[in-house]
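To keep things clear, I will list the structure first and then write my remarks on it.
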Amino acid sequence: MKEDSYNTKLSLNQQPAGSQQMCRTIEEDALAVDHHVDMSSSTSDDLNLIPPLNFAMVDNGIFRSGFPDSANFSFLQTLKLTSIIYLCPEPYPEANTEFLKSNGIKLFQFGIESYKHRTGCLVGCLRKLQRWCLSSVFDEYQRFAATKARVSDQRFMELFDVSSLKHLPMSFSCLKK
1 MKEDSYNTKL SLNQQPAGSQ QMCRTIEEDA LAVDHHVDMS SSTSDDLNLI
51 PPLNFAMVDN GIFRSGFPDS ANFSFLQTLK LTSIIYLCPE PYPEANTEFL
101 KSNGIKLFQF GIESYKHRTG CLVGCLRKLQ RWCLSSVFDE YQRFAATKAR
151 VSDQRFMELF DVSSLKHLPM SFSCLKK
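Using UniProt numbering, the first residue of the sequence shown is number 1, and each one after it goes up by one.
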(Lines of atoms letter the chains of each structure in order from A and count residues from 1; the text may use other names and numbers.)
(Lines give C-alpha, C1' and ligand atoms only; values in the text may rest on other atoms or scores of the structure.)
Protein backbone atom coordinates (compact mmCIF):
# COMPACT_ATOMS: atom_id res chain seq x y z
CA MET A 1 0.00 0.00 0.00
CA LYS A 2 1.24 3.46 -0.82
CA GLU A 3 2.01 5.86 1.99
CA ASP A 4 0.02 8.93 2.89
CA SER A 5 0.25 10.75 -0.46
CA TYR A 6 -3.09 12.10 -1.66
CA ASN A 7 -3.74 15.82 -1.19
CA THR A 8 -5.59 18.78 -2.59
CA LYS A 9 -3.66 21.66 -4.14
CA LEU A 10 -2.01 24.02 -1.70
CA SER A 11 -1.94 27.76 -2.35
CA LEU A 12 0.77 29.74 -0.57
CA ASN A 13 0.16 33.23 0.77
CA GLN A 14 2.06 35.85 2.70
CA GLN A 15 1.47 37.02 6.25
CA PRO A 16 0.74 40.78 6.34
CA ALA A 17 3.80 42.98 6.94
CA GLY A 18 4.42 43.77 10.58
CA SER A 19 2.41 40.81 11.86
CA GLN A 20 3.79 39.13 14.96
CA GLN A 21 5.24 35.64 14.98
CA MET A 22 2.89 33.31 16.80
CA CYS A 23 2.97 29.69 17.75
CA ARG A 24 0.07 27.49 16.69
CA THR A 25 -0.67 24.28 18.54
CA ILE A 26 -3.03 21.39 18.01
CA GLU A 27 -5.64 20.68 20.63
CA GLU A 28 -7.71 17.54 20.58
CA ASP A 29 -10.91 17.05 22.54
CA ALA A 30 -11.86 13.64 23.78
CA LEU A 31 -15.22 12.74 22.28
CA ALA A 32 -17.79 10.60 24.00
CA VAL A 33 -18.23 7.43 21.97
CA ASP A 34 -21.73 6.06 21.50
CA HIS A 35 -21.34 2.39 20.57
CA HIS A 36 -24.97 2.17 19.44
CA VAL A 37 -25.40 3.60 15.96
CA ASP A 38 -28.89 3.97 14.50
CA MET A 39 -28.58 3.09 10.81
CA SER A 40 -32.33 3.24 10.12
CA SER A 41 -32.18 6.82 8.80
CA SER A 42 -29.06 6.22 6.69
CA THR A 43 -29.44 5.71 2.98
CA SER A 44 -27.43 3.08 1.14
CA ASP A 45 -25.38 5.95 -0.36
CA ASP A 46 -24.37 7.08 3.15
CA LEU A 47 -23.18 3.58 3.96
CA ASN A 48 -20.87 3.56 0.92
CA LEU A 49 -18.90 6.65 1.96
CA ILE A 50 -15.56 5.14 2.87
CA PRO A 51 -12.65 7.56 3.37
CA PRO A 52 -9.17 6.51 2.27
CA LEU A 53 -6.79 5.23 4.91
CA ASN A 54 -5.26 8.03 7.04
CA PHE A 55 -7.78 10.57 5.74
CA ALA A 56 -7.77 13.88 7.63
CA MET A 57 -8.46 17.55 7.07
CA VAL A 58 -5.27 19.62 6.98
CA ASP A 59 -7.01 22.99 6.63
CA ASN A 60 -10.18 24.33 5.04
CA GLY A 61 -10.38 22.62 1.64
CA ILE A 62 -7.05 20.79 2.10
CA PHE A 63 -7.03 17.08 2.92
CA ARG A 64 -4.51 14.26 3.23
CA SER A 65 -4.84 10.51 3.00
CA GLY A 66 -3.28 7.28 1.90
CA PHE A 67 -3.71 6.26 -1.72
CA PRO A 68 -7.43 5.86 -2.53
CA ASP A 69 -9.04 3.02 -4.40
CA SER A 70 -12.43 2.72 -6.08
CA ALA A 71 -14.17 2.04 -2.74
CA ASN A 72 -13.22 5.59 -1.70
CA PHE A 73 -14.48 7.41 -4.81
CA SER A 74 -18.01 8.11 -3.48
CA PHE A 75 -16.55 9.66 -0.34
CA LEU A 76 -14.07 11.76 -2.34
CA GLN A 77 -16.90 13.09 -4.54
CA THR A 78 -18.52 14.64 -1.46
CA LEU A 79 -15.40 16.79 -0.91
CA LYS A 80 -15.79 18.57 -4.28
CA LEU A 81 -12.02 18.45 -4.85
CA THR A 82 -10.51 20.63 -7.58
CA SER A 83 -7.02 19.16 -7.57
CA ILE A 84 -4.94 16.29 -6.25
CA ILE A 85 -1.24 16.27 -5.43
CA TYR A 86 0.23 12.81 -6.03
CA LEU A 87 3.72 12.52 -4.55
CA CYS A 88 4.73 9.06 -5.77
CA PRO A 89 6.89 8.41 -8.85
CA GLU A 90 4.73 5.49 -10.05
CA PRO A 91 2.19 6.17 -12.82
CA TYR A 92 -1.25 7.16 -11.55
CA PRO A 93 -3.62 4.17 -11.99
CA GLU A 94 -6.09 4.28 -14.89
CA ALA A 95 -9.20 3.83 -12.69
CA ASN A 96 -8.13 6.79 -10.54
CA THR A 97 -7.32 8.88 -13.63
CA GLU A 98 -10.82 8.20 -14.99
CA PHE A 99 -12.33 9.20 -11.63
CA LEU A 100 -10.41 12.49 -11.74
CA LYS A 101 -11.48 13.21 -15.34
CA SER A 102 -15.14 12.46 -14.68
CA ASN A 103 -15.12 14.79 -11.66
CA GLY A 104 -13.10 17.65 -13.17
CA ILE A 105 -10.17 17.18 -10.78
CA LYS A 106 -6.67 18.22 -11.88
CA LEU A 107 -3.74 15.92 -11.08
CA PHE A 108 -0.37 17.35 -10.03
CA GLN A 109 2.23 14.60 -9.80
CA PHE A 110 5.59 15.08 -8.11
CA GLY A 111 7.57 11.84 -8.29
CA ILE A 112 9.33 11.88 -4.94
CA GLU A 113 11.26 8.71 -4.11
CA SER A 114 10.04 6.76 -1.10
CA TYR A 115 12.99 7.46 1.20
CA LYS A 116 10.87 10.16 2.84
CA HIS A 117 7.42 10.23 4.40
CA ARG A 118 6.28 12.44 1.54
CA THR A 119 2.95 13.75 2.73
CA GLY A 120 4.18 14.19 6.29
CA CYS A 121 7.03 16.38 5.04
CA LEU A 122 4.72 18.42 2.78
CA VAL A 123 2.21 19.02 5.57
CA GLY A 124 5.04 19.77 8.03
CA CYS A 125 6.37 22.48 5.70
CA LEU A 126 2.83 23.89 5.35
CA ARG A 127 2.56 23.99 9.15
CA LYS A 128 5.80 25.97 9.33
CA LEU A 129 4.32 28.44 6.83
CA GLN A 130 1.32 28.65 9.16
CA ARG A 131 3.75 29.48 11.99
CA TRP A 132 3.16 26.35 14.05
CA CYS A 133 5.65 25.57 16.81
CA LEU A 134 8.16 22.98 15.67
CA SER A 135 7.11 20.61 18.48
CA SER A 136 3.51 20.69 17.18
CA VAL A 137 4.72 20.10 13.61
CA PHE A 138 6.66 17.06 14.80
CA ASP A 139 3.74 15.82 16.91
CA GLU A 140 1.40 15.82 13.92
CA TYR A 141 4.08 14.21 11.74
CA GLN A 142 4.60 11.42 14.31
CA ARG A 143 0.86 10.70 14.57
CA PHE A 144 0.57 10.07 10.83
CA ALA A 145 4.00 8.58 10.13
CA ALA A 146 3.91 6.15 13.07
CA THR A 147 6.49 3.45 12.30
CA LYS A 148 7.53 5.26 9.10
CA ALA A 149 8.77 8.29 11.07
CA ARG A 150 12.34 9.24 10.22
CA VAL A 151 14.76 11.63 11.88
CA SER A 152 15.84 12.77 8.40
CA ASP A 153 12.26 13.89 7.65
CA GLN A 154 12.09 15.86 10.89
CA ARG A 155 15.44 17.45 10.13
CA PHE A 156 14.15 18.38 6.66
CA MET A 157 11.08 20.07 8.19
CA GLU A 158 13.19 21.79 10.85
CA LEU A 159 15.56 23.21 8.24
CA PHE A 160 12.77 24.20 5.81
CA ASP A 161 13.29 27.94 5.37
CA VAL A 162 9.95 29.75 5.20
CA SER A 163 11.70 33.11 4.81
CA SER A 164 12.46 32.21 1.20
CA LEU A 165 8.71 32.13 0.55
CA LYS A 166 7.81 35.55 1.95
CA HIS A 167 7.15 36.90 -1.53
CA LEU A 168 4.19 34.52 -1.99
CA PRO A 169 0.64 35.68 -1.17
CA MET A 170 -0.77 33.91 1.94
CA SER A 171 -4.39 32.83 2.38
CA PHE A 172 -4.33 29.76 4.60
CA SER A 173 -7.53 29.70 6.58
CA CYS A 174 -5.86 29.51 9.99
CA LEU A 175 -3.87 32.67 9.18
CA LYS A 176 -7.06 34.61 8.46
CA LYS A 177 -8.66 36.52 11.29
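Glycine included, every Cβ here is placed at the ideal spot set by N, Cα and C. Since this is a predicted model, take the numbers as computed values, not measurements.
Whole-angstrom C-beta distance between residue j and residue i, which should lie under 8 Å
i: G66; j: L53; result: 4 Å
i: F63; j: A71; result: With 8 Å as the limit, F63 and A71 do not qualify as a contact, their Cβ atoms being about 17 Å apart.
Alpha carbon of residue i to alpha carbon of residue j, nearest angstrom
i: C121; j: S102; result: 30 Å
i: I50; j: K106; result: 22 Å
i: A95; j: L129; result: 34 Å
i: Y92; j: E98; result: 10 Å
i: L109; j: I85; result: Per the sequence presented here, residue 109 reads as Gln, with Leu not at that position. Using only the alpha carbons, I get a separation of about 6 Å.
i: S83; j: G104; result: 8 Å
i: S135; j: V162; result: 16 Å
i: H167; j: N48; result: 44 Å
i: F73; j: T147; result: 27 Å
i: R131; j: T78; result: 30 Å
i: S152; j: R127; result: 17 Å
i: K80; j: L100; result: 11 Å
i: V123; j: R143; result: 12 Å
Boundaries (first-last residue) of the alpha helix (DSSP H) holding residue i
i: Y92; result: Where Y92 is concerned, there is no enclosing alpha helix (DSSP H), given that its DSSP letter is neither H nor E.
i: A145; result: 134-145
i: V58; result: It is not in any alpha helix (DSSP H) - V58 instead sits in the beta strand (DSSP E) that spans 56-59.
i: Q154; result: 151-159
i: L168; result: First-last for L168: undefined, no H or E at that position.
i: K128; result: 118-129
Beta strand (DSSP E) segment containing residue i, residue limits
i: R64; result: 62-65
i: K106; result: 106-109
Same chain, Cβ closer than 8 Å to residue i, five either side skipped, listed in chain order
i: I112; result: L87, C88, P89, R118
i: residue 219; result: What the structure shows of the chain is the stretch from 1 to 177, and residue 219 is not part of that stretch, so it cannot be assessed.
Contact set for residue i: own chain, Cβ-Cβ below 6 Å, skip 5 residues either direction
i: R150; result: none
i: A145; result: H117, G120
DSSP three-state assignment for residue i, whether helix, strand or coil
i: F75; result: helix
i: K81; result: The question names Lys, yet the displayed sequence has Leu at residue 81. Residue state, collapsed to three classes: coil.
Close-in-space but distant-in-sequence residues of the same chain around residue i (CB under 7 Å, 5 per side omitted)
i: Q154; result: F138, Y141
i: C125; result: M157, F160
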